[in-house]
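*Asks:*
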Amino acid sequence: MNENLKYIAKLSASAASSFLKINILGALSTVIVIILEFTILIKGIDAGHSAHASAIPFLLMMFFARPVGSVLWYLTCLASPYVFFLFGNQYIISKITNKVITDKSESLIIPILDRVLNKFQAKQPNVLRNTGDYSMNKLKIIQAIRKDKSENKWLRKIIVFGMKKVKMDDIDFTQENLNFYDIIKVKTIQTLKNISEPSRNMIWITIGAQWAILLFIWLTKF
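Okay, here's the thing in structure tokens:
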């Protein structure tokens with residue numbers, strides 16, 4: 001038990017560290033690109049008129065002077081934080097999932113799944129007759145895991161991450177005595193084991209896209 005607690009603490013620290021690194025890198029790139037793009041865009045605005053303009057009229061003047069560049073600048077400002085958060089979160093979940101499944105799936109993931117499924121099974125009918133029943137109960141289990149504050153946050157995220165990817169289309173509902181809870185458990189573990197090594201490619205692609213937009217604004221007059 002103590003070993004598992006130490007492992008979970010180490011895992012949480014690693015996840016938090018990765019999250020900070022990715023978002024600091026993304027924020028740094030975003031701030032630099034936004035400032036440089038803005039500096040380039042305002043060069044085409046008449047200084048005499050812009051000096052007396054408030055923020056919104058000034059941005060409108062910038063848009064009319066460089067419409068395409070201005071739209072790209074707005075998109076960089078608005079979309080970058082969301083995109084870095086999204087891809088950063090996906091990378092971290094993939095990273096800790098890969099590590100936990102490799103190191104501790106038997107002692108960490110399976111016991112949590114057993115506890116949640118046993119609680120849920122006691123409240124639900126035993127017979128599920130179609131894909132709709134299975135899918136609806138899967139969603140209910142995902143919500144139950146998310147709300148169960150007694151379990152570690154990152155372990156809950158890992159299980160939800162895997163369970164969301166579980167497909168029920170290949171289940172033969174003509175078989176008797178199908179056990180939904182055994183099926184969802186086995187499929188969740190198998191899905192987590194099949195998750196590939198984490199990759200930062202999407203984060204680097206996002207940074208590359210930011211700098212490509214900067215290059216476009218610098219080299220064109222649109």
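Just so it is clear: in the sequence shown, position 164 is 164 by full-length UniProt numbering, and no numbers are missing.
Here a beta-carbon is modelled for each residue, glycine too, at the ideal position from N, C-alpha and C.
Can F216 and L72 be called in contact, C-beta distance under 8 Å?
*Replies:* Result yes, Cβ atoms of F216 and L72 sit closer than 8 Å.
*Asks:* Comparing alpha-carbon positions, which option in F84, F64, S135 lies nearest I45?
*Replies:* Minimum Cα distance to I45 is reached at F64.
*Asks:* Of all the options I22, K21, I40, which has the alpha carbon lying nearest to the alpha carbon of T220?
*Replies:* Cα-wise, what sits closest to T220 is I40.
*Asks:* Buried or exposed, going by whether 16 or more other CB atoms sit within 10 Å of the CB of M136?
*Replies:* Exposed.
*Asks:* Apply the 10 Å Cβ neighbour rule to R146 and answer buried if 16 or more other Cβ atoms are within range, or exposed otherwise.
*Replies:* Exposed, since its Cβ has fewer than 16 Cβ neighbours within 10 Å.
*Asks:* So, at 7 Å on beta carbons, what are the nonlocal neighbours of L113 in its own chain, with the 5 sequence-adjacent residues on each side left out?
*Replies:* Closer than 7 Å at Cβ, skipping near neighbours: I159, K185, T188.
*Asks:* Less than 8 Å between the C-beta atoms of I96 and A15, yes or no?
*Replies:* In contact: I96 and A15 (Cβ atoms closer than 8 Å).
*Asks:* Mind the definition here: the segment 79 to 86 touches the segment 147 to 157 only if three or more C-beta pairs lie below 8 Å; say whether that holds.
*Replies:* Short answer: they don't touch.
*Asks:* Let me check understanding here. Comparing Cα to Cα, which of I213, Y181, E37 lies closest to K123?
*Replies:* Minimum Cα distance to K123 is reached at Y181.
*Asks:* Check this for me: beta carbons of G88 and F19, under 8 Å apart or not?
*Replies:* Yes, the Cβ-Cβ distance between G88 and F19 is below 8 Å.
*Asks:* Report the CB separation of residue 229 from V100 in whole angstroms; it is logged as a contact under 8 Å.
*Replies:* Lying before the first or after the last residue shown, residue 229 is absent from the chain, which here runs from 1 to 222.
*Asks:* Note the first and the last residue of the continuous alpha helix (DSSP H) segment covering T206.
*Replies:* Segment 201 to 219, the alpha helix (DSSP H) holding T206.
*Asks:* Can you give me the Cβ contacts of W218 inside the same chain, cut-off strictly under 6 Å, excluding the 5 residues immediately before and after it?
*Replies:* Once the five neighbours on either side are set aside, the close Cβ partners of W218 are I40.
*Asks:* Alpha helix (DSSP H) containing F120: first to last residue?
*Replies:* Per DSSP, F120 belongs to the alpha helix (DSSP H) from 110 to 123.
*Asks:* At the level of alpha carbons, what is the spacing between Y91 and I8?
*Replies:* Their backbone Cα atoms lie some 18 Å apart in a straight line.
*Asks:* Using three-state DSSP, classify K165 as helix, strand or coil.
*Replies:* Coil at K165, not helix or strand.
*Asks:* Distance check for I22 and I42, CA to CA, integer angstroms please.
*Replies:* Looking at the two C-alpha atoms, the distance is approximately 30 Å.
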